[in-house]
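Participant: I'd like to ask some things about the structure below.
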């Protein structure tokens, strides 16, 4: 908040801490470092969020009839008395720096409290409104405007909280008796708030439609739209999809932070994607080949596009022409020609790819191969001197071979064109703020396909759950990989149409690391937990 930042405009963190410690000694209070303090969520929830912002304090714990709070200035006795009177209980004062207090208030918990308070009145009283909301979204706006319609307040706060919590999507799901709002954070859905009464469903959906410039009267067919908000000085786009279901309409709002992501992608390299050292060395070799096909596979949302963007970022130069065709182009990379698929107008992957070849490219990225025609053109491009990057949906590198062959692609051409196949998944990273060592039972080790003797005394790293990670124990994601080199022996057994098990066996003999092994390596390095990799990869004890 602007007034809070102005209090100590030039003080360094060290000076601020020293000043707070001095105040604590003078007024015989305990100094507390909030960076290393685990906040009790139920205590924070019991205090009105507007009071915490108005008086700049954080509730720490409840001790019988007394509430322990952290403040920046214990000399302001009148304010402390006022807090005590408003809360109706005696308080015990501890001292923390103002920066830590304001930072903590702006974290997940406070925005969640605003969200909870925004929904409280909805069971009893709703004032529908079709007014367009201001495009600026901030915590000051959400906590200060009292005359705003409850529905507008709810939708704006839901969006704001999603951005604060790093959500990639907002899901609004309708059931027979209630409406559920969920966030997808680090690939996992989490409830955003308590269920909302069913009768408010249509008003909330109408508000989202108005923001997205969709038809509020149409409820029987899917609708797609967009809107934009300004958040912390930057514009963020939301892609909206409305889908009719048996209980009413559902909505998914996809967060597209183009300004932030374009900045990240401009500096994106394969070093930050999560490769193992050996896989990274080999993959870099293949993306610098003069021609051929680099194929990345994995389910939707597994980071395939990010990996390919990182590869293009590393190899792009003024000497080469790089053209991509994608569905859609979500992030723009400077120096690369990007074409969006438009099937309504007839611009499919296959038709776009034919046109691209007439523009004399050196390197081509095809967003996804979905059919035989696109596959055939991509393979021919790789055989005629172009370096082709593309993706396909398959479970692992061996399944990709069967997928292409089932499309009716000529085996010899396909195998000749391929440089490598990379399979990828995303696993959540253990939160560094609340990570702690744990030991697992022998039963879990056996269920996970690990040798008990080797892992019995190993200290795994798991997150306990804190305010930084929203209580999940995870913060951020990294990739795990398996990379198949198309060596001569591998090419030969594919041409002989040997079963996939033989391809896998030969690849393992040549030193290929499978997804499960890559995941276990991340566990050994303390990056993620055993339970997380068990969710993402198959347990292959005997492979």
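Residue numbers (my numbering): 1260 to 1802. Just so it is clear, CB atoms sit at the ideal spot from N, CA and C, and this is done for glycine as well. Just so we're clear, the structure is a prediction, and the values are computed from it rather than from any experiment.
Comparing alpha-carbon positions, which option in 1586, 1572, 1580 and 1553 lies nearest residue 1559?
Facilitator: It is 1586 whose Cα lies nearest to the Cα of residue 1559.
Participant: Could you pull the start and end residues of the beta strand (DSSP E) that residue 1500 belongs to?
Facilitator: Unbroken beta strand (DSSP E) run through residue 1500: 1493 to 1504.
Participant: What residue does the beta strand (DSSP E) around residue 1812 start on, and which one ends it?
Facilitator: The requested residue 1812 does not occur in the structure, where the chain is confined to residues 1260 to 1802.
Participant: Give every residue of the same chain whose Cβ lies closer than 8 angstroms to the Cβ of residue 1302, excluding the five residues on either side of it in the sequence, and list them in chain order.
Facilitator: 1318, 1319, 1320, 1321 and 1326, listed in sequence order.
Participant: Identify, in the order they occur along the chain, each residue of the same chain with its Cβ nearer than 6 angstroms to the Cβ of residue 1730, setting aside the five sequence neighbours on each side.
Facilitator: Cβ within range, chain order: 1724.
Participant: What's the gap between the Cα of residue 1596 and the Cα of residue 1581?
Facilitator: Residue 1596 and residue 1581: Cα-Cα distance of roughly 6 angstroms.
Participant: Mapping DSSP to helix, strand and coil, what is residue 1484?
Facilitator: Strand, per DSSP.
Participant: Contact defined as beta carbons within less than 8 angstroms: I believe residue 1472 pairs with residue 1529. What is the distance between those atoms, to the nearest angstrom?
Facilitator: No, residue 1472 and residue 1529 are not in contact; Cβ-Cβ is about 39 angstroms, not under 8 angstroms.
Participant: On the DSSP bridge list, what partners appear for residue 1719?
Facilitator: DSSP lists 1697 as partners of residue 1719.
Participant: Could you have a look at residue 1743 and say whether DSSP puts it in helix, strand or coil?
Facilitator: In the structure shown, residue 1743 sits in a strand (DSSP, three-state: E or B).
Participant: Reducing DSSP to helix, strand and coil, say where residue 1278 ends up.
Facilitator: Correct three-state label for residue 1278: helix.
Participant: For residue 1283, which residues from the same chain have a beta carbon less than 6 angstroms from its beta carbon, with the 5 sequence-adjacent residues on both sides left out?
Facilitator: Cβ within range, chain order: 1290 and 1354.
Participant: Tell me the DSSP secondary structure of residue 1757 in three-state form.
Facilitator: The answer is coil: DSSP assigns residue 1757 none of H, G, I, E or B.
Participant: Grouping DSSP H, G and I as helix and E and B as strand, with all else coil, what is residue 1793?
Facilitator: DSSP places residue 1793 in helix when its eight states are reduced to three.
Participant: Are there 16 or more other CB atoms within 10 angstroms of the CB of residue 1533, so buried, or fewer, so exposed?
Facilitator: Burial call: buried.
Participant: Which first and last residues belong to the alpha helix (DSSP H) in which residue 1468 is found?
Facilitator: Taken as a continuous stretch (DSSP letters only), the alpha helix (DSSP H) holding residue 1468 covers 1460 to 1471.
Participant: What are the partner residues of residue 1490, as DSSP defines its beta bridges?
Facilitator: Partner(s): 1493.
Participant: One question on the structure: do residue 1684 and residue 1628 come within less than 8 angstroms of each other, judged by their Cβ atoms?
Facilitator: Going by C-beta atoms, residue 1684 is not nearer than 8 angstroms to residue 1628.
Participant: Would residue 1452 be called buried (16 or more neighbouring beta carbons within 10 Å of its own) or exposed?
Facilitator: With 16 or more Cβ atoms within 10 Å of its Cβ, residue 1452 is classed as buried.
Participant: Per DSSP, which residues does residue 1437 bridge with? Please list them.
Facilitator: Note: residue 1437 sits in a beta bridge opposite 1456.
Participant: Inspect the CB distances between the stretch 1473 to 1485 and the stretch 1752 to 1762 and report whether three or more fall short of 8 angstroms.
Facilitator: As far as the Cβ criterion goes, the stretch 1473 to 1485 does not touch the stretch 1752 to 1762, which means the pair count is below three.
Participant: For residue 1555 and residue 1545, which I take to be in contact (beta-carbon distance under 8 angstroms), what is that distance rounded to the nearest angstrom?
Facilitator: Rounded, the Cβ-Cβ distance is 11 angstroms, inconsistent with contact.
Participant: Let me know the secondary structure DSSP gives residue 1322 once reduced to three states.
Facilitator: If DSSP states are grouped into helix, strand and coil, residue 1322 belongs with the strands.
Participant: Over what stretch of residues does the beta strand (DSSP E) that includes residue 1515 continue unbroken?
Facilitator: Looking at the DSSP string, the run of the beta strand (DSSP E) that includes residue 1515 is 1507 to 1515.
Participant: Would you kindly check if the distance between the Cβ of residue 1433 and the Cβ of residue 1460 is under 8 angstroms?
Facilitator: Yes, these two residues count as a Cβ contact at 8 angstroms.
Participant: Answer with buried or exposed for residue 1806, where buried requires no fewer than 16 other C-beta atoms within 10 angstroms of its C-beta.
Facilitator: In the structure as shown, the chain begins at 1260 and stops at 1802. Residue 1806 is therefore absent and cannot be evaluated.
Participant: If residue 1645 sits next to residue 1623, beta carbons under 8 angstroms apart, how far is it from one beta carbon to the other, in whole angstroms?
Facilitator: Residue 1645 to residue 1623, Cβ: 6 angstroms. Contact.
Participant: For residue 1429, does the count of other Cβ atoms within 10 angstroms reach 16, so buried, or fall short, so exposed?
Facilitator: Residue 1429 comes out buried.
Participant: Cα-Cα, which of 1414, 1557 and 1636 is closest to residue 1654?
Facilitator: Of the listed residues, the one whose Cα sits closest to residue 1654 is 1557.
Participant: Which same chain residues, not among the five before or five after residue 1694, have their C-beta less than 6 angstroms away from its C-beta?
Facilitator: Around residue 1694: 1720 and 1722.
Participant: Report the rounded CA-to-CA distance for residue 1455 versus residue 1437, giving the unit in angstroms.
Facilitator: Taking the straight line from one Cα to the other gives about 6 angstroms.
Participant: Okay, do the stretch 1700 to 1712 and the stretch 1736 to 1751 touch, 3+ Cβ pairs below 8 angstroms being the bar?
Facilitator: No: fewer than three Cβ pairs fall under 8 angstroms.
Participant: By Cβ distance below 8 angstroms, which residues in the same chain neighbour residue 1613 in space, the five residues on each side in sequence not counted?
Facilitator: Taken in chain order, the residues that qualify are 1636.
Participant: Using only alpha-carbon positions, find the residue among 1350, 1621, 1617 and 1609 that is nearest to residue 1631.
Facilitator: Ranking 1350, 1621, 1617 and 1609 by Cα distance to residue 1631 puts 1609 first.
Participant: What residue range is occupied by the uninterrupted alpha helix (DSSP H) comprising residue 1311?
Facilitator: Per DSSP, residue 1311 belongs to the alpha helix (DSSP H) from 1308 to 1314.
Participant: Can you list, in chain order, the residues of its chain with a C-beta nearer than 6 angstroms to that of residue 1516? Leave out the 5 residues immediately preceding and following it.
Facilitator: Excluding positions up to five away in sequence, the list reads 1495.
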